[in-house]
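Everything on this sheet refers to the single structure shown next.
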Amino acid sequence: MASFEKFEPIFGEVVPERSDPGTGLLRRCLFHVYASDSYNLTVHVTDFVSGVWTTILSVSKLDDMRDTVGIGGSWSEFVDYTVASLKSDNVKLLLLGSNSVSNGVEIARLVSQKAKGMPRIILPLTKMVDSSSAASEAMANLSFELFRAFKSKQHLQGEVNSSAAAIDEKDKRDGGTDNKLERYFSGKLDVMAPSTDNQQDSPAKKSAREANTAKPVKRVPAHRRTRKRGALLQDSEEEDG
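Structure, rendered in structure tokens:
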């Protein structure tokens, strides 16, 4: 059986419209739609001054409304459409005055549609007796639930901002680490591969290079040097003789 166990409360603002335009200025109203239990939705509409209009929508009543509205599909699809209609900008509060059937109590209708030209959801409302404790309780409940919804949204926004700030901080740290690594490895490369333009040779390397580039010395075989030395000696003796 269908139920409203997971139904999320709906809040909205609406400007009342009277069937008799000569009744004066009307204040803006807030409406609150919530699951009072698993099988009933409660609707409250109020301007916190003129009173409270209300209705209770049971599962069976909404199921009958589905046939009247003419929306096909499953039960969940109809509920989704109703929720989307109440959350849209196309919501009106029509004040219809009083009649003998309601014993002089003013009645109204909350009319909504998901978009222009689409089926309308019409919720009949009855005004509570202004002096009743039920009307005061309804206004107090709407205020309290609206505050809770605001705090919940504020808390979620704070979590989103905290997460975004944490991600930004992490990105900054990661970026700083990357820059440090780049500077570190850049310095290492400079040390490991110094420029050859300013490199000076050590004395040993300089001597070795000069030795390699010097003009080769012609070497005389040992036997030639001996004979030459002997010839020189003989020439010297002949001169002495």
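Counted from 1, the sequence shown has number 233 at position 233 by full-length UniProt numbering; the numbering is strictly sequential. Yeah, the Cβ is synthetic: ideal placement off N, Cα and C, and Gly gets one too.
Item checked: From 157, 5 and 69, residue whose alpha carbon lies closest to that of residue 121 -> 69
Next item on the list: Using only alpha-carbon positions, find the residue among 96, 133 and 76 that is nearest to residue 6.
Entry: 76
Notebook entry, point to check: What is the rounded straight-line gap between the Cα of residue 43 and the Cα of residue 174?
Noted result: 53 Å
Notebook entry, point to check: Where does residue 37 sit, in a helix, a strand or coil, going by DSSP?
Noted result: strand
Next item on the list: Using alpha carbons as the reference points, say which of 36, 48 and 82 lies closest to residue 127.
Entry: 48
Checklist line | Beta-carbon proximity check, residue 91 vs residue 112, cutoff 8 Å | finding: yes
Check: Between which two residues does the alpha helix (DSSP H) carrying residue 76 extend?
Finding: 75-87
Note to self: Counting C-beta neighbours from all protein chains within 10 Å, is the total for residue 170 16 or more, i.e. buried, or is it exposed?
What the structure shows: exposed
Notebook entry, point to check: How should residue 244 be labelled, buried or exposed, when 16 other C-beta atoms within 10 angstroms of its C-beta is the threshold for buried?
Noted result: Nothing in the structure corresponds to residue 244, since the chain is present only between 1 and 241.
Note to self: Pull the bridge partners of residue 31 from the DSSP assignment, please.
What the structure shows: 12 and 45
Margin query: Strictly by DSSP, which residues pair up with residue 17?
Written below: 94
Next item on the list: Run the CB neighbour count on residue 138, radius 10 Å, all protein chains shown included, and call it buried at 16 or more, exposed below.
Entry: buried
Next item on the list: Count the other CB atoms, across all protein chains shown, that sit within 10 Å of the CB of residue 156; report buried if there are 16 or more and exposed otherwise.
Entry: exposed
Notebook entry, point to check: Out of curiosity, what's the CA-to-CA distance linking residue 17 and residue 53?
Noted result: 14 Å
Next item on the list: Might you give, ordered along the chain, the residues of its own chain that have their beta carbon closer than 6 Å to the beta carbon of residue 40, omitting 5 neighbours on each side?
Entry: 56 and 58
Margin query: Under DSSP, the alpha helix (DSSP H) around residue 62 begins and ends at which residues?
Written below: 59-69
Check: What three-state label does DSSP hand residue 229 in the structure shown?
Finding: Confidence at residue 229 is low in this model, with a pLDDT of 46, below 50, so its placement is unreliable and the value that follows should be read with caution. Looking at residue 229 - three-state DSSP - the assignment turns out to be helix.
Note to self: Here's the rule: buried if 16 or more other CB atoms are within 10 angstroms of the residue's CB, otherwise exposed. What is residue 101?
What the structure shows: With a pLDDT of 45 at residue 101, under the threshold of 50, the predicted position of this residue should be treated as unreliable, though the coordinate-derived value follows. Exposed, because fewer than 16 other Cβ atoms sit within 10 Å of the Cβ of residue 101.
Notebook entry, point to check: What residue does the beta strand (DSSP E) around residue 26 start on, and which one ends it?
Noted result: That residue, residue 26, is in no beta strand (DSSP E); it is neither H nor E in DSSP.
Notebook entry, point to check: If you follow the beta strand (DSSP E) that residue 108 is part of, which residue opens it and which one closes it?
Noted result: 107-113
Check: How many whole angstroms separate the CB atoms of residue 125 and residue 46, which I take to be in contact at a CB cut-off of 8 Å?
Finding: Not quite, the Cβ-Cβ distance comes to about 11 Å (not below 8 Å), so this is no contact.
Check: Who are the near neighbours of residue 3 in its chain, counting only those whose CB is closer than 8 Å to its CB and skipping five residues on each side?
Finding: 38, 39 and 59
Checklist line | Bridge partner(s) assigned by DSSP for residue 52 | finding: 46
Next item on the list: With DSSP as the reference, label residue 153 as helix, strand or coil.
Entry: helix
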